[in-house]
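Student:
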Ligand code: ADP
C-alpha cells in the first residue's frame, strides 16, 4: 500500500477525534460547533479519499468529491466565527454558495447523465474552486492579522496564517499526480493547533504549545535522518547488516536524545520566546536578590524597579494590608498613580477572590462575564465589581501574596501597549515574585517584632540608667538644701556662714545644670532623626571638628595629626549631625589621654573601604579616630553603646549611643578596636552612594591612565603604630563640702552593676 491512502486514513481518524474533543468541551460556543463541522467535513473527505485510493473505486472518488465541495463553505464559516466569535452565525460569501451549488449540480449531472467529473478540465476547475475557497479562509486570517493592534493577537494570527497557508498548499500539492504526500500531516498538525486556539483561554500559551511542537518536530526529523541514512545504506538482501544498523541507530538515538533535546529546546525557546526567556532570567535574578532583603522599604522600590527594567510592564503597583486588616495601602507604583487605598469591605469581592485563587486577570474575568451571561445578576455584579477594582488599581493582572489564609497584599501589573500581554507561564513567573514579596513581608514583620522587643529591653535598661543619673544629683541637691535650712548649720560653721552658703548654692546650681544636660542629651537620643542629608565632603566636617576642639585641653598635652585621603567621593549626610559625632569621638579620645611626660596622640584619618553589596562593587567612607589613651577593657567594649554606660565622673554615657544612632540613620556603622593600655580606634563607616562611587572610580581610572605607571589613589596607609598610652589622669573629684546627707539611697547604682560615683556622695560633716 502506498503512503497516500494511509496518511488520508490517519488524517480522517485524527480530524474526527480533534473535532469530537472540541465539541464535547464545555462551555460550548458557536465557534466550537463550526470547528467540529469543519473537522468532520475534513474527516469525511479524507476517509472517502482513503477508500477511493485504496480500492481505486470511481464511485468513492465521486462521493469524496461531494464531500470536498462543502470544504470551502465549512472552512469559511468556521474562520469567520472564530474571528468574529460570539457575533452570531457568520454570513457566507455569495461566490462560495454559488460555486458550491454549481459543483453539486455538475457532480449530479456527471453521476447520472454524463460522467464529466473524471475529465481533466473538470478536475482542474474543481480543485481551483476548493482550494481558492480554502485560501480565502486563510485570507480572512491574514486580513485580521494586518488590522489587529494587539501584539499577542498578531503573533497568534501570524502562526495561523502561515500554518494555514502551508497546510492548504501541502494539500494542494498532494493533488498533483506523484506529488509529495505531506498534506495529511499538515492537516493533522494544523487542526490540532486550531483546536488549542479554541480551547486554551490564554492565547499566548499557544506560542509555547507551538514551541513544544517545533521541538518535537525538529527532534523527529533529526532522528529520522539518522535512521534513514543507516537503513538506506543496507542493500535489499543484507538482513544481518540491516539489523546491525538498526541497532546502531537505536544506540545513537538513546545516547543523543537527552543532550539533543535540551539543546534543541534551549535554542528554540531562545529563538521563539526571547521575551519570555529574558523575563524569566530577570525574575530569577530579582528573586535571588530579594532573598537578602528584609526591609519592605527597600523591597518595594527594588521589585518595581526590576519590573520596570524588564520593559514588560507599563503599570505596576504594590498594595500592602493595613496592620488591622481594614484595607490595602499603596506601597509603591510605576506609571500613573492609582488609588492609594482600597477598603477591605468595599472591595471584598476582589480581595476574597484574590486570596482564594492567588491571581486575577482582566481577560479571565471578562471571559467569565461572557460565559456566565445566563447566571444570576448577583454573580454578574460581583464580576463587575472585581473588574472595577482591577481598573482602579491600573492593572490587568493582580497577584496576591498570603500567609496562611490571610491576604497580605497584592502586586498589580499591566502592559498598556497590549491587551493580553502575559502568557500563563509568564504569569507564573510574576507569581513567584509575589510569593517572594510575601515571604519578605512576613520576615520583616518577625524582624520588626524582634526589634521592638530589643527596643523595649534597651528602654528598660535605659530607664534604670536614667533613674540612677537623676538620683545622684538629686541626692546632692537635697543634701545641700538641707544644709542651708535655717538652724541646720552648727555653731562652728556659723563663723564662715557666707562662704559655705555660696558653696552649697554652687553645688545646687551645678547639679541642676548636670540634670539639665542629662535630660537634654537623653532627649537627643530618644528624639526621632530629623537631619537633612545632602552630598558633602566629610573631610570638611572633620576640619571643622578640629577647629572646635577646646584649645585649653590640647595645649601641650595632646598632639593631633590628620591624614585625609585625597579626592574622596562625597557622602550623603547631615553635616551638623556628623559634626556632633566627630566632636564626641574626638573629645572621648582626648579625655582618654592623660597629660603626662609624653603627650597623647590623636590621629584622625580618612580612607575608602571597598566592599561588595549584593555582588556589586560598593564602598564606605572611613573616618578613623585613633588615640594613644588608656584603651578600653574587653568587657566594656560591648557596653559602649548602651545608654548611660560611662566610666567618667562627669560623663553621661550618652555620647556614643547618640553617635551610633546618628550614624545608623545614615546607613553606616561605628567600629571600635582597642586594647587596654594601648589606645583605642573608633571608625565611622558611611556608605557611599552607588552613583557617587561609580563617578569616583571613573575619575580614578582616567587619572591613573593619565599618570601611568602611578597606581590609582588607594585608601591611605594604616596609621602608624602609636606609642604605649600615657596614664589616665586622676579622676576629677569634687571635694565634698561639709554638710549632712540623709535620704536618696542609690539602689539603681547597685542594680546597674556599676560602682556608684563618689562625686555624688556628699559626706556628712
Ligand atoms: P561619656 O563620654 O559621657 O562617658 P560616651 O558614651 O561617649 O559617654 O562614652 C562611654 C564610655 O566609653 C566612656 O565613659 C569611656 O569609658 C569609653 N570610651 C569612649 N571613648 C573612649 C576612648 N577613646 N578611649 C577609652 N575609652 C573610651
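In the working numbering, the protein residues as written are 116 to 880. Backbone N, C-alpha and C fix where the C-beta goes; we use that ideal spot for every residue, glycine too.
Is it the case that the region 412 to 432 contacts the region 456 to 476, given that we only count it when at least three CB pairs across the two stretches are under 8 Å?
Tutor: Contact between the region 456 to 476 and the region 412 to 432 is absent, because fewer than three Cβ pairs lie under 8 Å.
Student: Take residue 278 and list the residues in its own chain whose beta-carbon comes closer than 7 Å to its own, dropping the five residues that flank it on each side.
Tutor: Here the set comprises 305 and 308.
Student: Does ligand 1 have even one heavy atom less than 7 Å from the beta-carbon of residue 742?
Tutor: Within the cutoff, so yes.
Student: Using 8 Å as the cut-off, can you tell me whether the region 239 to 254 makes contact with the region 190 to 200, which would need three or more C-beta pairs spanning the two stretches below that distance?
Tutor: They touch, by the three-pair rule.
Student: Give a single yes or no on whether residue 814 has its beta carbon closer than 7 Å to a heavy atom of ligand 1.
Tutor: No - ligand 1 has no heavy atom lying nearer than 7 Å to the Cβ of residue 814.
Student: Give the straight-line distance between the Cα atoms of residue 262 and residue 781, rounded to the nearest whole angstrom.
Tutor: One C-alpha to the other measures close to 56 Å.
Student: If I follow the unbroken beta strand (DSSP E) through residue 430, where does it start and stop?
Tutor: Element bounds for residue 430: 430 to 436.
Student: Give me the residue from 414, 696, 767 and 713 with the minimum Cα distance to residue 801.
Tutor: Closest by alpha carbon: 696.
Student: Give the DSSP bridge partners of residue 650, in chain order.
Tutor: Partner(s): 687.
Student: Hey, how far is the Cα of residue 831 from the Cα of residue 694?
Tutor: Legend: pLDDT at residue 831 = 44, less than 50; position of this residue unreliable, no value from coordinates given.
Student: With burial defined as no fewer than 16 other Cβ atoms inside 10 Å of the residue's Cβ, what is the status of residue 641: buried or exposed?
Tutor: Exposed is the call here.
Student: Just the C-alpha distance for residue 512 and residue 472, rounded to the nearest angstrom, thanks.
Tutor: Between residue 512 and residue 472, the C-alpha separation is close to 12 Å.
Student: Less than 7 Å between the CB of residue 795 and some heavy atom of ligand 1, yes or no?
Tutor: Yes.
Student: What residues in its chain sit with their C-beta under 6 Å from that of residue 736, if we drop five residues either side in the sequence?
Tutor: Around residue 736: 653, 686, 801 and 803.
Student: With hydrogens ignored, establish whether the beta-carbon of residue 631 is closer than 7 Å to any heavy atom of ligand 1.
Tutor: No, the Cβ of residue 631 stays beyond 7 Å of every heavy atom of ligand 1.
Student: Any heavy atom of ligand 1 closer than 7 Å to the CB of residue 703?
Tutor: Yes, the Cβ of residue 703 comes within 7 Å of a heavy atom of ligand 1.
Student: So residue 130 packs on residue 157, CB below 8 Å; how close in whole Å?
Tutor: Right, the Cβ-Cβ distance comes to about 5 Å (below 8 Å), so this counts as a contact.
Student: May I ask whether a heavy atom of ligand 1 can be found less than 7 Å away from the beta carbon of residue 745?
Tutor: Correct: residue 745 has its Cβ closer than 7 Å to ligand 1.
Student: Sorted by chain position, which residues of the same chain lie with C-beta nearer than 6 Å to residue 414's C-beta, five sequence neighbours on each side aside?
Tutor: Answer for residue 414: 408 and 555, listed in chain order.
Student: Going along the chain, which residues of its own chain have a beta-carbon closer than 7 Å to the beta-carbon of residue 766, five neighbours each way excluded?
Tutor: Taken in chain order, the list of residues that qualify is empty.
Student: Apart from the five residues just before and just after residue 699, which ones in its own chain have a Cβ nearer than 6 Å to its Cβ?
Tutor: Same-chain partners within the cutoff: 770 and 774.
Student: Nearest to residue 563 by CA position, among 411, 222, 805 and 405, is which residue?
Tutor: That would be 411, whose Cα lies nearest to the Cα of residue 563.
Student: Per the contact definition of three or more C-beta pairs closer than 8 Å, is the region 532 to 552 in contact with the region 567 to 576?
Tutor: The answer is no - the region 532 to 552 does not touch the region 567 to 576, with fewer than three Cβ pairs under 8 Å.
Student: Residue range of the alpha helix (DSSP H) that residue 262 falls in?
Tutor: Start and end: 235 to 262.
Student: Quick check: the region 356 to 375 against the region 383 to 400, are at least 3 beta-carbon pairs closer than 8 Å?
Tutor: They do not touch, by the three-pair rule.
Student: Let me check one thing: in DSSP terms, what residues is residue 673 bridge-paired to?
Tutor: Paired residue(s): 715.
Student: Is the beta carbon of residue 710 sitting closer than 8 Å to the one on residue 810?
Tutor: Against a cut-off of 8 Å, the Cβ pair of residue 810 and residue 710 comes out as no contact.
Student: Starting from residue 229, follow the alpha helix (DSSP H) in both directions and report where the run begins and ends.
Tutor: First-last for residue 229: undefined, no H or E at that position.
Student: Return the bridge partner residues of residue 800 from the DSSP annotation.
Tutor: For residue 800, which the question treats as bridged, DSSP gives the partners 737 and 784.
Student: Taking the Cβ atom as the reference point for each residue, do residue 177 and residue 222 lie within a distance shorter than 8 Å?
Tutor: Going by C-beta atoms, residue 177 is nearer than 8 Å to residue 222.
Student: Closer than 6 Å by C-beta to residue 768: which residues in its own chain qualify, once you throw out the five before and the five after it? Chain order, please.
Tutor: Contacts found: 759, 760 and 761.
Student: Which complete alpha helix (DSSP H) runs does the region 290 to 364 hold, if anything under 4 residues is left out?
Tutor: With a minimum length of 4 residues, the continuous alpha helix (DSSP H) runs that stay inside the region 290 to 364 are 298 to 314 and 320 to 347.
Student: When you compare only the Cα positions, how much space is there between residue 124 and residue 161?
Tutor: Residue 124 and residue 161: Cα-Cα distance of roughly 6 Å.
Student: For the beta strand (DSSP E) containing residue 513, list its first residue and its last residue.
Tutor: From DSSP, the beta strand (DSSP E) with residue 513 extends over 512 to 518.
Student: Got a sec, what are the start and stop residues for the beta strand (DSSP E) residue 443 sits in?
Tutor: 442 to 449 is the extent of the beta strand (DSSP E) around residue 443.
Student: Assuming residue 423 contacts residue 435 under a Cβ cut-off of 8 Å, what Cβ separation, rounded to an integer in Å, is found between them?
Tutor: So it is not a contact: roughly 19 Å between Cβ atoms.
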